[in-house]
Each structure stands twice: as C-alpha cells, then as structure tokens.
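For what it's worth, this note's numbering labels the leading residue of the sequence shown as 6, then goes sequentially.
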Amino acid sequence: MSNTVFINVLRFVLLVITQVLIFNNLNFLGFINPMVYVIFFYWYPIKRNRAIFMLTAFLLGLVIDVFSDSLALNALASVTIAYARPAIMRFCFGVNYDFQNFSFKNTTKLQRITFMALLIFIHHLIFFSFEILSIAHILLILKKVFATGTVTLILCVLFSSLFSPKSE
Numbered sequence: 006m007s008n009t010v011f012i013n014v015l016r017f018v019l020l021v022i023t024q025v026l027i028f029n030n031l032n033f034l035g036f037i038n039p040m041v042y043v044i045f046f047y048w049y050p051i052k053r054n055r056a057i058f059m060l061t062a063f064l065l066g067l068v069i070d071v072f073s074d075s076l077a078l079n080a081l082a083s084v085t086i087a088y089a090r091p092a093i094m095r096f097c098f099g100v101n102y103d104f105q106n107f108s109f110k111n112t113t114k115l116q117r118i119t120f121m122a123l124l125i126f127i128h129h130l131i132f133f134s135f136e137i138l139s140i141a142h143i144l145l146i147l148k149k150v151f152a153t154g155t156v157t158l159i160l161c162v163l164f165s166s167l168f169s170p171k172s173e
C-alpha cells in the first residue's frame, strides 16, 4: 500500500469520525453545524485517477449521510464538488494548474483559501438548496450557506494549517 493511499484512507476515516461524533452535535446559534469533512476535497492529491476520486467522494458523503440521517444530501454535494474540482482549481490557480508539476507549494495562501472557500460555498449551496428545496425560502438558504460556510471555512483553514505539511 502506497504512502499517499494510506494517508488518504486515514484522513477519510478521521474526518468521518470527527464530523459524526463532534461537528454533527454542535449547534452554534441553533442552526450552524460545521461540515469540516469538506477539507478532504482540498487535501486529496491533484493528479490522481478522477474516477476513484468521484467514487471516494460519493462514499465519503454516503457514510456521513448514514450517520447523520440526511437522505444522501452530503453524497450529492460531495460528488458535485468532486466533479467541479478541476474547474475550480483552474479558476483559482490559473494556467499553473494545467502543468504536470503543479503543487500547492507554488501557490499563495490567498489562492488556497479562495479554493477552499469556493469548495465550501458550492458544497453548502447544493446541500442547503436540496435540504430546503424551495425557492420561496431563498433567504433562509443563503443565511445557512453563508453562516455555516463561514464557520466551516474558519475551521478548515485552522485544520489545514495544523495538519498540512510544513512545506506548504
């Protein structure tokens, strides 16, 4: 088993455990539950097999859904951001993303935070839009997206700075 596969499996398991046992039980202001497992899509290696990445995204969302009783909303949002990840990376990192030797080490902190914020925003927009499923409640959807997204982004940036290699 390769080192990167082991690290990704470990991240998968630890993020599921922390999401299910800790963050699903938090209720800031009565409606904010951070979804820190989204950082998996930031940490996943860039130039890997896309089909395996999509399957992993689906499994991550499905496992979170099983423990959260959320009717496959996490799986839907996870697969969507996994599919959109290359376009988001191209938007955030420009033409540098298309080079074979692209690495997060060669990007600015602002680009990385923008990338993470877009992943979180898209994930939360899809999740809460399908959770509420009514255009009449657009203000409620946006309130949940921005409030939960802000807290999630802060926690993900903290996790990223704590658990990423020092060379980043």
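We put the beta carbon where it would ideally sit given N, CA and C, even for glycine.
Per DSSP, the unbroken alpha helix (DSSP H) holding Pro91 starts and ends at Leu78 to Phe98. In the structure shown, Phe132 falls within a helical segment according to DSSP collapsed to helix, strand and coil. Ala82 sits close to Gly66, with the two beta carbons spaced by under 8 Å. DSSP, read as helix, strand or coil, puts Ile37 in strand.
A residue is called buried once 16 or more other Cβ atoms fall within 10 Å of its Cβ, and Ala141, having fewer, is exposed.
Per DSSP, Val43 is not a residue of any alpha helix (DSSP H), being assigned neither H nor E. Non-local beta-carbon contacts of Ser139 in its own chain, meaning distances under 8 Å to residues more than five positions away in sequence, are absent. The stretch 10–23 and the stretch 110–130 do not touch, with fewer than 3 CB-CB distances between them shorter than 8 Å.
Setting aside the 5 residues that flank it on each side, Pro39 is surrounded in the same chain by Phe28, Val156, Thr157 and Leu160, each with a C-beta closer than 6 Å to its C-beta; the list follows chain order. Lys110: not part of any alpha helix (DSSP H); DSSP gives it neither H nor E. By the Cβ neighbour-count rule, Arg95 is exposed, with fewer than 16 other Cβ atoms within 10 Å of its own.
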